[in-house]
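Each remark here refers to the structure printed beneath this line.
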């Protein structure tokens, strides 16, 4: 189906399962025969009159024009599940959205290693320090930080990334015509300009409590690894942790005093399978970085656009052929770029001929 059709289906509340069923039967919404509209409307749980309207050329064009006009008013763009810019990591999860609405640079979701940082809205000083130290390490090593723009741990993470000039993605639980909480408008706008803000909710969707639970699967889904910094029992951050385990993401939790309520959730998640975060660099090792003495730290920020592009695809141990496949570049083009990256101290060639990032 065309991306505009998928946008309309998303607007009607159609999720991945119903979309997949519809796609199997029809190449286009306009291909649905009139005598099958009743059956399809029941399948999709959409009013028959609404479906009749959008499966006709005039109604389709009119509805689409109205929707795109609303999105344009708020400078909101969209990416569908069939678009090449749709985040690759989200394609791995069963309940992925068929459309994402965003402001900012959607390429961040595919071109960087990512780490989700989540936790309580009522952190203490230690929690704040953990976040700042962790973010500093991630930014220094070109990892994009993902969080939810909420009070507490989330906003501390976003602010620190912005202070350090790093990359950050905010996943929100409402339409992008809202800013929630309202006191985070400055960060909302700055991330829109320098990073990426994403939601699956259409314009007008309010920041309801249930929406934040739903959006948590996207925080974990977009992340290579997730860290729970501090979380009492019942914290929404634990839902993100549960999603991370189901999605087979690397989940870390910072252990703490068993008598301190702020640490109870983290300790519980460790019991369920989260990795105890003992050293901040454990995250980078999980992301595939090699720990060696790097004597070229000052050069790591002086990469060409080609070098940045190839570097973004180096995760774990990768071969020259692996990189040729994922980048679409020929081997004879990639090899000199890898040599330059190695000279600059950002990657290392291993004994088996594979390449890995170097931890700074």
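In my numbering, the protein residues as written are 790 to 1149.
For every residue, glycine included, the Cβ atom is placed at its ideal position computed from N, Cα and C.
These numbers come from a predicted model, not from an experiment.
Check                                                                                                              : Outcome
Per-residue DSSP class, three states only, for residue 891                                                         : strand
Bridge-paired residues (DSSP) for residue 839                                                                      : BP columns for residue 839 are empty, so no partner.
Continuous alpha helix (DSSP H) stretch holding residue 936: start and end                                         : Not the alpha helix (DSSP H): residue 936 falls in the beta strand (DSSP E), residues 933-936.
Which residues DSSP lists as bridging residue 960, in chain order                                                  : 987
Exposure label - residue 827; buried when at least 16 CB within 10 Å                                               : exposed
Segments assigned beta strand (DSSP E), at least 3 residues, entirely inside the region 842-915                    : 866-869, 888-893, 903-907
Residue 1012 - DSSP class collapsed to helix/strand/coil                                                           : coil
Nearest neighbour of residue 982, chosen from 962, 972, 956 [CA to CA]                                             : 956
Where residue 1144 falls: helix, strand or coil (DSSP)                                                             : strand
Helix, strand or coil at residue 1113 [DSSP, three-state]                                                          : helix
Beta-carbon proximity check, residue 941 vs residue 912, cutoff 8 Å                                                : yes
Given residue 877 as reference, the closest of 893, 900, 802 once Cα atoms are compared                            : 900
C-beta atoms of residue 1148 and residue 1069 nearer than 8 Å                                                      : no
Rounded C-alpha distance that separates residue 1096 from residue 906                                              : 27 Å
Per-residue DSSP class, three states only, for residue 1107                                                        : strand
Nearest to residue 1058 (by Cα), restricted to the options 1032, 1071, 1048, 1075                                  : 1032
Nearest-angstrom beta carbon gap, residue 928 and residue 904 [assumed within contact, 8 Å]                        : Actually they are not in contact, since the Cβ atoms of residue 904 and residue 928 sit about 10 Å apart, beyond 8 Å.
Whether residue 885 touches residue 965 by CB criterion (8 Å)                                                      : no
Inter-residue CB distance, residue 946 and residue 961 (contact presumed, cutoff 8 Å)                              : Their Cβ separation, rounded to whole angstroms, is 14 Å, which puts residue 946 and residue 961 out of contact at 8 Å.
Beta carbon proximity, residue 1043 to chain D, threshold 8 Å                                                      : Protein chain content of the structure displayed is limited to a single chain, and chain D is not contained in it.
Reduced DSSP category for residue 1002 - H, G, I as helix; E, B as strand; rest coil                               : helix
Contacting residues, own chain, Cβ-Cβ under 8 Å from residue 1120 (five flanking each side not counted)            : 1109, 1110, 1113
Three-state secondary structure (DSSP) of residue 1087                                                             : The predicted model places residue 1087 with a pLDDT of 44, which falls under 50 and marks its position as unreliable, so this point remains unresolved.
Host alpha helix (DSSP H) of residue 1098 (start-end)                                                              : 1094-1100
Residue 1022 versus residue 1052 - alpha carbon distance                                                           : 8 Å
Residue 1014, buried or exposed, once every other Cβ within 10 Å from all chains shown has been counted against 16 : buried
Whether residue 860 touches residue 1018 by CB criterion (8 Å)                                                     : no
Host alpha helix (DSSP H) of residue 1152 (start-end)                                                              : Absent from the model: residue 1152. The displayed extent of the chain is 790 to 1149, so no value can be given.
Residue 832, enclosing beta strand (DSSP E) - first and last residue                                               : Premise fails: residue 832 lies in the alpha helix (DSSP H), 826-833, not in any beta strand (DSSP E).
Simplified DSSP assignment, three categories, for residue 946                                                      : helix
For residue 967, the nearest candidate out of 1039, 864, 958, 898 (CA to CA)                                       : 864
Top-ranked residue by Cα proximity to residue 1016, from 921, 1093, 805                                            : 921
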